[in-house]
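Right, one structure below, let's go through it.
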């Protein structure tokens, strides 16, 4: 089954009946918003920041999906993230990654490279500045904000999707979702979302 079809199937599930268990490794800025959003959508959240637990949480708890967010990444959190990611890959549990603010420091750049090299990510959600940073391009970004004109958004998303064999979802004036072959645009954005911290982080929680 193609990646886009897999995504459609996932989104069409009756969450209120299935109540999937989602492991969140997210930042402490929006953690409550994310888990509230997950519950509202019909899921059930479970969180951990323990290095020992990270080795067996996925199979023991019966986790259905994993969500990573780089917003407040630390070295210890990175190790836990990689452990959970490898376990998720082993048990065929999909992982969504939000590389928030990865251009803010060299450590974040090294951290995202480690995760992408050691863990297979199913879906990566980011703005164009973050996507360009991952590709090794010069990006117009500051912290969590992207100042790209997005004219090359499609090209960058397709390239990253093909390179990493994953779905790439770009948030912006026009949202883009692609698996490198099929591309979908969503044109219902508003600049007002940029005035509320964490709205970008909420998208993966659905």
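In full-length UniProt numbering, the protein residues as written are 1 to 206.
Idealized CB from N, CA, C, for every residue including glycine.
Residue 73 to residue 188 span [Cα, whole Å]: Along the chain shown, one-based indexing puts residue 73 at 73. Along the chain shown, one-based indexing puts residue 188 at 188. In a straight line, the C-alpha of residue 73 is about 30 Å away from that of residue 188.
Complete runs of the alpha helix (DSSP H) confined to the region 107-172 [at least 4 residues]: List check, alpha helix (DSSP H) in window: 128-135, 153-164.
Exposure of residue 90, with buried meaning 16 or more beta-carbon neighbours within 10 Å: Translated into the one-based positions of the chain shown, residue 90 becomes position 90. With fewer than 16 other Cβ atoms from the protein chains shown falling within 10 Å of its own Cβ, residue 90 counts as exposed.
Nearest to residue 108 (by Cα), restricted to the options 180, 64, 133: The residue given as residue 108 occupies position 108 in the chain shown. Closest by alpha carbon: 133.
Residue 44, enclosing alpha helix (DSSP H) - first and last residue: Within the chain shown, residue 44 is the residue found at index 44, counting from 1. Residue range 44-47 is occupied by the beta strand (DSSP E) that includes residue 44, with no alpha helix (DSSP H) assigned at that position.
Stretch pair the region 112-121 + the region 81-95: three plus CB contacts closer than 8 Å: Contact between the region 112-121 and the region 81-95 is present, because at least three Cβ pairs lie under 8 Å.
CB contact flag (residue 175, residue 186, <8 Å): Against the chain shown, residue 175 aligns to sequence position 175. Against the chain shown, residue 186 aligns to sequence position 186. Against a cut-off of 8 Å, the Cβ pair of residue 186 and residue 175 comes out as a contact.
Run of the beta strand (DSSP E) containing residue 86, from where it starts to where it stops: One-based indexing of the chain shown puts residue 86 at position 86. From DSSP, residue 86 is part of no beta strand (DSSP E) but of the alpha helix (DSSP H) over 75-90.
Coarse secondary structure for residue 101, derived from DSSP in three states: As a working note, residue 101 is residue 101 in the chain shown. If DSSP states are grouped into helix, strand and coil, residue 101 belongs with coil.
Of the listed residues 67, 49, 85, nearest to residue 20 (C-alpha basis): Stepping through the chain shown from its first residue, residue 20 is reached at position 20. The shortest Cα separation from residue 20 among 67, 49, 85 belongs to 67.
Exposed unless 16 or more other CB atoms sit within 10 angstroms - verdict on residue 28: The residue given as residue 28 occupies position 28 in the chain shown. With fewer than 16 other beta carbons inside 10 angstroms of its own, residue 28 counts as exposed.
Boundaries of the beta strand (DSSP E) in which residue 66 is found, first to last residue: Residue mapping note: residue 66 aligns to position 66 of the chain shown, counting from 1. For residue 66, the enclosing beta strand (DSSP E) covers residues 65-69.
Cβ-based burial, residue 22 [other Cβ within 10 Å; buried from 16]: Reading the chain shown from its first residue, position 22 is the one you call residue 22. Counting other Cβ atoms within 10 Å of its Cβ, residue 22 reaches 16 or more and is therefore classed as buried.
For residue 157 and residue 170, believed in contact at Cβ under 8 Å, the rounded distance: Taking the first residue of the chain shown as 1, we reach residue 170 at position 170. Taking the first residue of the chain shown as 1, we reach residue 157 at position 157. In this structure, residue 170 and residue 157 form a Cβ contact; the two beta carbons are roughly 5 Å apart against a cut-off of 8 Å.
Counterpart residues of residue 184 in DSSP-defined beta bridges: The residue you call residue 184 lines up with position 184 of the chain shown. Answer is 177, bridged to residue 184.
Own chain partners of residue 111 with C-beta closer than 6 Å, once the 5 adjacent residues on each side are dropped: Taking the first residue of the chain shown as position 1, residue 111 is located at position 111. Result list for residue 111: 73, 78, in chain order.
Same chain, Cβ closer than 7 Å to residue 142, neighbours up to 5 away in sequence not counted: Within the chain shown, numbered from 1, the residue matching residue 142 stands at position 142. Caution applies to residue 142, whose pLDDT of 49 falls short of 50 and renders its modelled position unreliable; the value that the coordinates give is listed next. If we look at residue 142 and ignore the five residues flanking it on each side, it has no Cβ neighbours.
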